[in-house]
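Trainee: I'd like to ask some things about the structure below.
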Amino acid sequence: MHADPHPLNAKRVSTLRQFEVLDSSPEPEFDDIVDLVSKICEVPVCLVSLVDTDRQWFKARKGLDLSETPISQSVCAHAILQDDLLEIEDTTKDPRTANNGLLHGEAPLRFYAGMPLIGPGGMPLGTLCILDHAPRRLTSVQRHTLRSLARQVVTQLELRRAIRNEETLRAEMDHRIKNSLQSTSSLVRMYTRAVEDNAAREALEAVQRRIDAMSALHEQLQKTADKGTIDARRYLEELITSLRVTAPDHITLEHLTADEITIPARDATDIGIIVSEFIANSIKHAFPEMTPGKVAITLTSSDEDKLILQATDTGIGSAAPPKEPSRISGIGSSLVEAAASSLDGTLTNDLTDSGARLTLVFERR
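Residue numbers (full-length UniProt numbering): 1 to 365.
Here's what the structure looks like:
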């Protein structure tokens, strides 16, 4: 006997498909549930059965080789019409199952019990069901087990949907943030080119470098599972790649970090500021009259569980007219000092015959 469609079948199927679970891969959480139910209820077959329009598909199964059956052979299609547990003590004597070919083959299944999986809005998604080869009745403990673990199946489905929705929302927000940073960066560059006042231009250039650092950080955060920490090597590579467009052809920017180092995201912002300011000042001061040269950035770890950030250039170094010992002046100097302080680091600047060198030593956190 075929089951009648659920009174709200279109809405019910729509609710089921919103979970995006049909035809998904096996998952241990569901497999563990059917294994536990089969042991407690002492049955050879246990299924998490999801009832679609023309089939029932098994998210988890024990004791049955089939992954799905036509809806015409579905006892669960009868079970979802009920508010509570459907228990058929002898499938040969119940008109709903007496002519079901799936149950009465070479290894007949004479007993069925199925608890509806009640989803949002009271819509039944399918059942947690059990089958046995002999007629029988469940104990009160076994019925309680089916009801309780059916709720756990729904909880697992809802948890996966919530995670998927969160990931979708986060991806959309990441996309918007990325676009916003790119738009802001373009506007700042445009205004910088139009400004004639040196102090205003310097301020806008500092803002531009801060945006580049934040953009590189955001790019790296998108690629990491733990949003609290990032891969420092990849982050610095992203940052330096974004800064290469600011360097003229005669200046090469290099990233030489080889160590695999993980850092807190909050520290990455400060590191990015220091790197950005050093590169900007090297481009501006170290290579006059189109002198070819390099700027290199390296982050390493020491034996004392400290991190060492080093920025060097091959520019004119101490041969430059004396201005400030650090050569990083004005707003840039303030930003670098504030970033070093935020990292609780020790900052040193050196100008030598072979160029400039900035070294920051700070604790790994």
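C-beta: ideal position from N, C-alpha, C; glycine also.
No experiment lies behind these values; they were computed from the predicted model shown.
Within its chain, find whatever has a CB closer than 8 Å to the CB of V154; leave out the 5 residues flanking it on each side and keep chain order.
Mentor: L117, I118, G119 and L125
Trainee: With DSSP run on the structure shown, which of helix, strand or coil describes D4?
Mentor: coil
Trainee: Do C129 and L47 have their C-beta atoms closer together than 8 Å?
Mentor: For the pair C129 and L47, the CB atoms are nearer than the 8 Å cut-off.
Trainee: Among I316, P7, I297 and A10, which residue has its Cα nearest to the Cα of Q310?
Mentor: The residue from I316, P7, I297 and A10 with its alpha-carbon nearest to that of Q310 is I297.
Trainee: Jot down the residue ranges of each uninterrupted beta strand (DSSP E) in the stretch 74-141, minimum 3 residues, whole runs only, in chain order.
Mentor: 86-88, 111-118 and 124-132
Trainee: Identify the continuous beta strand (DSSP E) that holds K59 and give its terminal residues.
Mentor: Counting along the chain, the unbroken beta strand (DSSP E) around K59 starts and ends at R55 to K62.
Trainee: Just to confirm, is the Cβ distance from I40 to T127 under 8 Å?
Mentor: no
Trainee: Quick check: V75 and L50, are their CB atoms within less than 8 Å of each other?
Mentor: no
Trainee: Determine the extent of the alpha helix (DSSP H) in which G272 is found, giving its start and end residues.
Mentor: A265 to N281
Trainee: Tell me the rounded alpha-carbon separation between P7 and D83.
Mentor: Just so you know, the alpha carbons of P7 and D83 end up roughly 13 Å apart.
Trainee: In three-state terms, what does DSSP make of D305?
Mentor: coil
Trainee: So, with DSSP's three-state summary, where would you put V195?
Mentor: coil
Trainee: Taking P248 as the reference, which of I271, H285 and P28 has the closest Cα?
Mentor: H285
Trainee: Under the assumption that P95 contacts F111 (Cβ atoms under 8 Å), give the Cβ distance between them as a whole number of angstroms.
Mentor: 16 Å between Cβ atoms; not a contact.
Trainee: Residues bridged to V51 by DSSP?
Mentor: DSSP lists Q56 as partners of V51.
Trainee: Which residues in the same chain as P325 place their Cβ atom closer than 8 Å to its Cβ, once the five residues preceding and following it in sequence are excluded?
Mentor: With a pLDDT of only 45 at P325, under 50, the local geometry of the prediction cannot be trusted, and no value is derived from it.
Trainee: Given this structure, state the Cα-to-Cα distance separating M290 from I283, to the nearest angstrom.
Mentor: 10 Å
Trainee: Nearest-angstrom Cα distance between S185 and Q208?
Mentor: 6 Å
Trainee: Buried or exposed: which applies to H2, given that a residue is buried once 16 or more other Cβ atoms fall within 10 Å of its Cβ?
Mentor: exposed
Trainee: On the DSSP letters alone, give me the boundaries of the beta strand (DSSP E) that V361 sits inside.
Mentor: First-last of the beta strand (DSSP E) with V361: G355 to E363.
Trainee: Quick one: Cα of T15 to Cα of I251, how far?
Mentor: 59 Å
Trainee: Cα-Cα, which of L86, D132 and R17 is closest to K62?
Mentor: D132
Trainee: Which whole-angstrom value is the C-beta distance of F287 and G317, which I expect to be below 8 Å?
Mentor: Not really, about 11 Å apart at Cβ, beyond 8 Å.
Trainee: Please report the residue range of the beta strand (DSSP E) in which I251 lies.
Mentor: I251 to H255
Trainee: Skipping 5 residues on each side, what residues in its chain have a beta carbon closer than 7 Å to that of R143?
Mentor: Residues L85 of the same chain have their beta carbon placed closer than 7 Å to that of R143, with the five preceding and five following residues left out of the count.
Trainee: Start and end of the beta strand (DSSP E) containing E68?
Mentor: E68 to P70
Trainee: Which first and last residues belong to the alpha helix (DSSP H) in which I261 is found?
Mentor: Premise fails: I261 is in no alpha helix (DSSP H) and is neither H nor E.
Trainee: Hey, I274 and A340 are a contact pair by Cβ (cut 8 Å); roughly how many whole angstroms apart?
Mentor: Contact holds; Cβ gap of about 7 Å.
Trainee: Which of helix, strand or coil does DSSP assign to A296?
Mentor: Assigned with DSSP and collapsed to three states, A296 falls in strand.
Trainee: Going by other Cβ atoms of all chains shown within 10 Å of its Cβ, with 16 needed for buried, is E166 buried or exposed?
Mentor: exposed
Trainee: Which of helix, strand or coil does DSSP assign to L22?
Mentor: coil
Trainee: Within 10 angstroms of its Cβ, does A225 collect 16 or more other Cβ (buried), or is it exposed?
Mentor: Caution is warranted here: a pLDDT of 49 is assigned to A225, below 50, making its placement in the model unreliable, and no coordinate value can be reported.
Trainee: DSSP state of I316, grouped into three classes?
Mentor: coil
Trainee: Return the bridge partner residues of I230 from the DSSP annotation.
Mentor: I263
Trainee: Taking the alpha-carbon positions, what's the K306 to L299 distance?
Mentor: 11 Å
Trainee: Who are the Cβ neighbours of V34 in its own chain at under 7 Å, not counting the five residues just before and after it?
Mentor: C46, L47, V48, A60, R61 and K62
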